[in-house]
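**Student:** 56 is the number that UniProt numbering gives to position 56 of the sequence shown; each next residue is one higher, with no gaps.
Don't be surprised by glycine CBs; every beta carbon is placed ideally from N, CA and C.
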Amino acid sequence: MSIRPITTTDWPAIMAIQAQCYVELTPESLGVMQSKWQASPTSCVVFEQQDNVLAYALVHPWLQGDAPSLDTEISGQINADSWYLHDMAISPSAQGMGIGKKLFNHIVNQAKNLAINGIGLVAVQGAHTYWLQQGFKPNTTSAKLTKSLDSYPAGACYLYLSLS
1 MSIRPITTTD WPAIMAIQAQ CYVELTPESL GVMQSKWQAS PTSCVVFEQQ DNVLAYALVH
61 PWLQGDAPSL DTEISGQINA DSWYLHDMAI SPSAQGMGIG KKLFNHIVNQ AKNLAINGIG
121 LVAVQGAHTY WLQQGFKPNT TSAKLTKSLD SYPAGACYLY LSLS
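1) Could you give the distance in angstroms between the alpha-carbon of Glu73 and the alpha-carbon of Pro92?
2) Just mark Asp87 as buried or exposed, buried being the case when its beta carbon has 16 or more other beta carbons within 10 Å.
3) Please classify Met33 as buried or exposed, where buried requires at least 16 other C-beta atoms within 10 Å of its C-beta.
4) Cα separation between Gly118 and Gln64?
5) Mapping DSSP to helix, strand and coil, what is Asn113?
6) Assess contact between the segment 19-27 and the segment 42-51, defined as three or more Cβ pairs (one per stretch) separated by less than 8 Å. Is contact present?
7) What are the start and end residues of each continuous beta strand (DSSP E) run of 3 or more residues lying completely inside the segment 81-161, in chain order?
8) Given Leu54, which residues of its chain have a CB within under 7 Å of its CB, disregarding the five upstream and five downstream residues?
9) Leaving out five residues before and five after Trp131 in sequence, what residues of the same chain have Cβ atoms less than 6 Å from its Cβ?
10) Using a Cβ-Cβ cutoff of less than 6 Å, which residues in the same chain neighbour Ile6 once the five nearest sequence positions on both sides are dropped?
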């Protein structure tokens, strides 16, 4: 088992996992997903076992208290003070193996080593309970964030984990 940066050959597996995991929203396009990776290739990772990708996490720089709209490519210089955990998904066949916790710990350790202030995310499909257990807290919602959240399914909520 290993966690490593995403490579170009991982995308078919990543897209398959995304399609299997997200039932309340339309999966994002390959171009959108890859734009997150291209924005921060060293913080976007996969979890693999015996050369099989079982999970992935797309993490990129962003501002605390804000989130990119769903299904929107990002590009160019990003004005950021934090990381944004855009997506973390585990193949249904690998759920219950502790992979989510391992991926999350990897992301947090990497962020701390780089003196990142914190990590924001938008929880969907009832995942907010999991993220609250990991130490994330609700954050104040600006008009800009509210507009971004409108692109997500009902019940989506922005959460933030301070690392400083």
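**Tutor:** If we stick to the structure as given:
1) Residue mapping note: residue 73 aligns to position 73 of the sequence shown, counting from 1. Residue mapping note: residue 92 aligns to position 92 of the sequence shown, counting from 1. Spanning the two alpha carbons is a distance of roughly 26 Å.
2) As a first step, residue 87 is located in the sequence shown; it is residue number 87 there, counting from the start. With 16 or more Cβ atoms within 10 Å of its Cβ, Asp87 is classed as buried.
3) For the purposes of this step, residue 33 is identified with residue 33 of the sequence shown, where counting begins at 1. The residue is buried, with at least 16 neighbouring Cβ atoms inside 10 Å.
4) In the sequence shown, the residue the question calls residue 118 occupies position 118. In the sequence shown, the residue the question calls residue 64 occupies position 64. Just so you know, the alpha carbons of Gly118 and Gln64 end up roughly 8 Å apart.
5) Taking the sequence shown and counting its residues from 1, the one referred to as residue 113 is at position 113. Of the three classes helix, strand and coil, the one that applies to Asn113 here is helix, per DSSP.
6) Judged by Cβ distances under 8 Å, the segment 19-27 makes no contact with the segment 42-51, as fewer than three pairs qualify.
7) Taking 3 residues as the shortest admissible run, the segment 81-161 contains the following complete beta strand (DSSP E) segments, listed from N- to C-terminal end: 82-90, 118-123.
8) As a position in the sequence shown, residue 54 is number 54, starting the count at 1. So the list reads Phe47, Glu48, Ile90, Ser91, Ala94, Ile99, once near-sequence residues are dropped.
9) By one-based count along the sequence shown, residue 131 stands at place 131. Contacts found: Ala123, Leu159.
10) By 1-based counting over the sequence shown, the position of residue 6 is 6. Around Ile6: Trp37, Cys44, Val46.
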